[in-house]
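In the order they appear, the protein sequences are chains Y and C.
Letter by letter, the first sequence follows residues 1 to 392 of our numbering.
Letter by letter, the second sequence follows residues 1 to 150 of our numbering.
Just so you know, even glycine gets a beta-carbon here, dropped at the ideal spot from N, CA and C.
Note that the coordinates shown come from a computational prediction; the quantities given were computed from them, not determined experimentally.
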Amino acid sequence: MQKNVFLLLFLSSLTFSGLTLAGDLVWHGFGAQGVIQANDSNYINDDGDVSYRLTEVGLNTSYRINQKLRVSAQGIYINGGNRFDEGVRIDYLFLDYQVLNSPRWNINAHFGRYKNYHWLYSATRDVPHTMPSIVLPQSSYFDAFRNASLGSDGISLTAQHLNSLGEWDIRWSYGNTQIKQEQTENLMSVLATGKLKHDFDTQFSVSFSPLGTGLTLGGSFLSAGFSYNAGENDVFIDGEVALERFMLSLSYSAEYWDINAEAMREKTDFQGFFFDQRDADAVAEGLYVQGRLFVSPDVTLLARIDTFDANNRDRNGSAYQQASGGAVPAYFAFRDQLTLGASWDFANNWRIRGEFHKVKGRARLAPVFIPDTVANDSKYWDIWALQIIYWF
Amino acid sequence: MLNIRRIGFRLLLALVMLFGVHHTYADQAKVRVIVNDNVNINALSESRVRWIFSMRQTTWEDGSAIKVYVLHEQDPIHQHFCKNVLGMFPYQLERMWNKLAYSGLGEKPILVDDSQDMIDMVSQEPGAIGYVISGSLPPGMRELKISKEG
Numbered sequence: 001m002q003k004n005v006f007l008l009l010f011l012s013s014l015t016f017s018g019l020t021l022a023g024d025l026v027w028h029g030f031g032a033q034g035v036i037q038a039n040d041s042n043y044i045n046d047d048g049d050v051s052y053r054l055t056e057v058g059l060n061t062s063y064r065i066n067q068k069l070r071v072s073a074q075g076i077y078i079n080g081g082n083r084f085d086e087g088v089r090i091d092y093l094f095l096d097y098q099v100l101n102s103p104r105w106n107i108n109a110h111f112g113r114y115k116n117y118h119w120l121y122s123a124t125r126d127v128p129h130t131m132p133s134i135v136l137p138q139s140s141y142f143d144a145f146r147n148a149s150l151g152s153d154g155i156s157l158t159a160q161h162l163n164s165l166g167e168w169d170i171r172w173s174y175g176n177t178q179i180k181q182e183q184t185e186n187l188m189s190v191l192a193t194g195k196l197k198h199d200f201d202t203q204f205s206v207s208f209s210p211l212g213t214g215l216t217l218g219g220s221f222l223s224a225g226f227s228y229n230a231g232e233n234d235v236f237i238d239g240e241v242a243l244e245r246f247m248l249s250l251s252y253s254a255e256y257w258d259i260n261a262e263a264m265r266e267k268t269d270f271q272g273f274f275f276d277q278r279d280a281d282a283v284a285e286g287l288y289v290q291g292r293l294f295v296s297p298d299v300t301l302l303a304r305i306d307t308f309d310a311n312n313r314d315r316n317g318s319a320y321q322q323a324s325g326g327a328v329p330a331y332f333a334f335r336d337q338l339t340l341g342a343s344w345d346f347a348n349n350w351r352i353r354g355e356f357h358k359v360k361g362r363a364r365l366a367p368v369f370i371p372d373t374v375a376n377d378s379k380y381w382d383i384w385a386l387q388i389i390y391w392f
Numbered sequence: 001m002l003n004i005r006r007i008g009f010r011l012l013l014a015l016v017m018l019f020g021v022h023h024t025y026a027d028q029a030k031v032r033v034i035v036n037d038n039v040n041i042n043a044l045s046e047s048r049v050r051w052i053f054s055m056r057q058t059t060w061e062d063g064s065a066i067k068v069y070v071l072h073e074q075d076p077i078h079q080h081f082c083k084n085v086l087g088m089f090p091y092q093l094e095r096m097w098n099k100l101a102y103s104g105l106g107e108k109p110i111l112v113d114d115s116q117d118m119i120d121m122v123s124q125e126p127g128a129i130g131y132v133i134s135g136s137l138p139p140g141m142r143e144l145k146i147s148k149e150g
């Protein structure tokens with residue numbers, strides 16, 4: 001499979017060379033291969049060895065039917081080891097209707113599988129050259145939960161406005177996603193034999209860039225509902241989860257450096273799900289602050305701190321450990337991560353990059369509901385990764 | 001002592017010349033925003049130019065398509081245009097375009113190889129907008145007056 005996708009990408013890059021073709025059909029694509037290791041952890045693989053399961057390949061096209069209507073689609077193949085389910089998926093496929101386009105307003109409606117445009121890096125999460133690092137800050141961009149946050153099947157409205165104060169982006173979306181069995185197991189446990197459904201997902205966000213400041217401030221709200229129908233010999237029972245997430249974001253761009261930060265607060269409310277009727281309701285909080293230095297037009301250095309607490313009333317995890325009868329260590333309730341990275345654009349449309357993560361805590365490691373305490377037997381652990389990227 | 005003074009003087013002179021050169025370059029290297037002759041406007045504000053080059057406005061007021069032409073990110077003229085007309089850095093623009101092109105939200109502008117290509121395309125393509133460094137403009141296109149205010 002992987003070989004075929006690479007071949008397809010290679011052939012298409014020869015054919016189209018990434019530029020606008022005659023007519024209104026436009027093609028773009030990307031391919032990335034890396035090597036990654038998360039020792040003493042099941043984050044990438046079960047044994048913590050060096051892994052090549054770090055592949056991202058994609059091809060997209062858009063066709064303009066007329067000034068008002070476009071069709072846009074992207075197919076991707078990804079392999080991230082245990083981080084998410086491997087395979088080919090349709091990243092987006094929608095009809096784009098331009099409701100209004102003027103010197104002050106640009107309003108579009110997307111019908112179909114739309115992208116999540118609400119967070120700083122959600123719109124192109126699987127497009128490596130548009131991401132600041134190989135592994136994203138897990139407080140906001142939780143790998144095991146990524147499929148539900150990439151986008152949904154439904155409707156999305158985006159509005160952009162220019163006035164004397166600055167530029168405004170306002171977005172709203174409503175849809176749902178199909179959760180595959182591997183994703184259910186990744187999120188809950190391999191012992192979950194039932195069916196998890198993402199019933200609905202609605203999001204709203206606003207961001208504002210004051211004129212001439214280099215600053216962008218944003219806020220977003222997400223409300224989603226999930227339901228679970230237990231299977232045979234299941235360790236879970238039928239249940240529902242309501243999830244609400246608030247986020248604030250800040251970006252500042254200077255000539256030779258930039259700063260990006262996102263804070264999030266996520267409330268989960270469980271009904272059923274657990275045999276023991278445990279109280280799993282919690283408010284999780286997270287924040288990352290990331291700085292980049294553009295040493296030259298081709299070389300970028302990155303430093304980031306990311307912190308996450310699974311329950312804001314139990315930040316050190318002692319109550320969590322106690323509730324598990326001591327089976328799950330307290331360090332599964334939080335995660336603080338320091339990332340250092342560098343990237344080099346060694347030729348047009350080619351990039352190589354590397355990064356190192358020092359991590360304290362094991363929160364947001366899949367599976368979440370029944371964590372793997374054997375592979376993850378220490379509070380501190382590291383991740384390193386190298387990646388080569390091509391895009392057109 | 002005399003030597004130090006002489007070196008100091010020469011350094012100062014070198015600095016003055018450097019700034020002088022820089023100043024002259026900035027003066028001479030005026031970037032002009034150009035449009036195809038069929039485009040029915042004569043002036044735009046800087047924020048409107050940014051609105052168009054960030055691909056947010058895709059049609060002119062008469063409903064016809066805007067075709068945006070740009071030089072390579074590393075091209076000094078592009079960098080000058082970004083900083084002095086758009087008031088942003090080339091990497092910011094690149095990031096916005098990537099988001100459009102890889103999330104389905106929109107299209108990237110059309111990349112041309114050099115200034116001659118830019119002139120050829122803008123003069124031939126109805127609805128085209130681009131930029132050049134000062135010089136005489138061939139028929140088929142004209143320069144827009146760019147105002148500073150919002």
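{"Query": "For Thr339 (chain Y), report the span of its beta strand (DSSP E) as first-last.", "Result": "Phe334 to Ala347"}
{"Query": "Can you name the start and end residues of the beta strand (DSSP E) that Val266 (chain Y) belongs to?", "Result": "The sequence given here places Glu at residue 266 (chain Y); Val does not occur at that position. Unbroken beta strand (DSSP E) run through Glu266 (chain Y): Trp257 to Phe274."}
{"Query": "Please return the same chain residues whose Cβ sits closer than 6 Å to the Cβ of Ala385 (chain Y), not counting the five positions on each side in sequence.", "Result": "Gly34, Ile36, Ile134 and Glu355"}
{"Query": "So, do the region 99 to 115 of chain Y and the region 194 to 211 of chain Y have three or more beta carbon pairs nearer to each other than 8 Å?", "Result": "no"}
{"Query": "For the region 95 to 107 of chain C, enumerate the residues whose C-beta is nearer than 8 Å to any C-beta of chain Y, in chain order.", "Result": "Arg95, Asn98, Lys99, Ala101, Tyr102, Ser103, Gly104, Leu105 and Glu107"}
{"Query": "Give me the residue from C:Cys82, C:Tyr91 and C:Pro109 with the minimum Cα distance to Gln57 (chain C).", "Result": "C:Pro109"}
{"Query": "In the DSSP assignment, find the unbroken beta strand (DSSP E) run with Pro210 (chain Y) in it and report its ends.", "Result": "Lys195 to Pro210"}
{"Query": "Using the Cβ count rule (16 or more neighbours within 10 Å means buried), how would you classify Glu232 (chain Y)?", "Result": "exposed"}
{"Query": "Do you know offhand how far Lys197 (chain Y)'s Cα is from Leu287 (chain Y)'s?", "Result": "28 Å"}
{"Query": "Are any of the Cβ atoms in chain Y nearer than 8 Å to that of Phe89 (chain C)?", "Result": "yes"}
{"Query": "In angstroms, rounded to a whole number, what distance separates the CA positions of Leu243 (chain Y) and Gly175 (chain Y)?", "Result": "15 Å"}
{"Query": "Would you check whether the ligand ATP has a heavy atom nearer than 7 Å to the C-beta of Ser156 (chain Y)?", "Result": "This structure does not include the ligand ATP; it has no bound ligands of any sort."}
{"Query": "Is there a Cβ of chain Y sitting closer than 8 Å to that of Ala65 (chain C), yes or no?", "Result": "yes"}
{"Query": "Ordered along the chain, which non-local residues of its own chain (more than five positions away) have a Cβ less than 7 Å from that of Ser139 (chain Y)?", "Result": "Met264, Gly286, Leu287, Tyr288, Asp306, Thr307 and Phe308"}
{"Query": "On a CA-only basis, which of Y:Val235, Y:Trp119, Y:Ser251 and Y:Leu69 is nearest Leu100 (chain Y)? Give me that one, please.", "Result": "Y:Leu69"}
{"Query": "How big is the Cα-Cα spacing for Asn163 (chain Y) and Glu46 (chain C)?", "Result": "13 Å"}
{"Query": "Three-state secondary structure (DSSP) at Gln74 (chain Y)?", "Result": "strand"}
{"Query": "How would you call Gly63 (chain C), buried or exposed, if buried means at least 16 neighbouring beta carbons within 10 angstroms?", "Result": "exposed"}
{"Query": "Rounded to the nearest angstrom, what separates Arg104 (chain Y) and Val33 (chain C) at their Cα positions?", "Result": "20 Å"}
{"Query": "Is there contact here, the region 69 to 86 of chain C with the region 112 to 129 of chain C, by at least three beta-carbon pairs under 8 Å?", "Result": "yes"}
{"Query": "Which whole-angstrom value describes the C-beta separation of Ser94 (chain Y) and His110 (chain Y), a residue pair presumed to lie in contact below a C-beta threshold of 8 Å?", "Result": "Contrary to the premise, residue 94 (chain Y) reads as Phe rather than Ser in this sequence. Between His110 (chain Y) and Phe94 (chain Y) the Cβ distance is about 4 Å, and since that is below 8 Å, they are a contact."}
{"Query": "Looking only at C-alpha atoms, which of Y:Phe274, Y:Gly151 and Y:Leu25 sits nearest to Gly239 (chain Y)?", "Result": "Y:Phe274"}
{"Query": "For Ser47 (chain C), return the contacting residues in chain Y, with the cut-off set at a CB-CB distance below 7 Å.", "Result": "Leu162 and Leu211"}
{"Query": "So which residues on chain Y does Gln57 (chain C) lean against when the C-beta distance must stay under 7 Å?", "Result": "Asn101, Pro103 and Asn106"}
{"Query": "Along chain Y, which residues have their Cβ under 7 Å away from the Cβ of Gln92 (chain C)?", "Result": "Ser253"}
{"Query": "So if DSSP puts Val359 (chain Y) in a beta bridge, which residue, or which two residues, is it bridged to?", "Result": "Y:Gln337 and Y:Trp381"}
{"Query": "Does Asn60 (chain Y) have its Cβ less than 8 Å from a Cβ in chain B?", "Result": "In summary, chain B is missing from the structure at hand, where the protein chains are Y and C."}
{"Query": "Please report whether the beta-carbon of Ala22 (chain Y) lies at a distance below 8 Å from any beta-carbon of chain C.", "Result": "The predicted position of Ala22 (chain Y) is uncertain, since its pLDDT is 41 and thus under 50; a value taken from the coordinates is nonetheless stated next. Judged by the 8 Å Cβ criterion, Ala22 (chain Y) is not in contact with chain C."}
{"Query": "Which word fits Asn42 (chain C), buried or exposed, when buried means at least 16 other C-beta atoms lie within 10 angstroms of its C-beta?", "Result": "exposed"}
{"Query": "With 16 as the cutoff for other CB atoms within 10 Å, does Phe346 (chain Y) come out buried or exposed?", "Result": "exposed"}
{"Query": "Verify the CB distance criterion: does Gln74 (chain C) have a CB-CB separation below 8 Å to chain Y?", "Result": "yes"}
{"Query": "Taking the straight line between their C-alpha atoms, what separation do you get for Lys145 (chain C) and Arg48 (chain C)?", "Result": "12 Å"}
{"Query": "Near Val328 (chain Y), what residues of its chain come up, given a Cβ to Cβ distance below 8 Å and the 5 sequence neighbours on each side ignored?", "Result": "Tyr320, Gln321, Pro371 and Thr373"}
{"Query": "How many Å lie between Lys379 (chain Y) and Lys360 (chain Y) at the Cα?", "Result": "6 Å"}
{"Query": "Are the C-beta of Val26 (chain Y) and some C-beta of chain C separated by less than 8 Å?", "Result": "yes"}
{"Query": "Can you list the residues of chain C that Ser72 (chain Y) reaches, using a CB-CB cut of under 7 Å?", "Result": "Gly104"}
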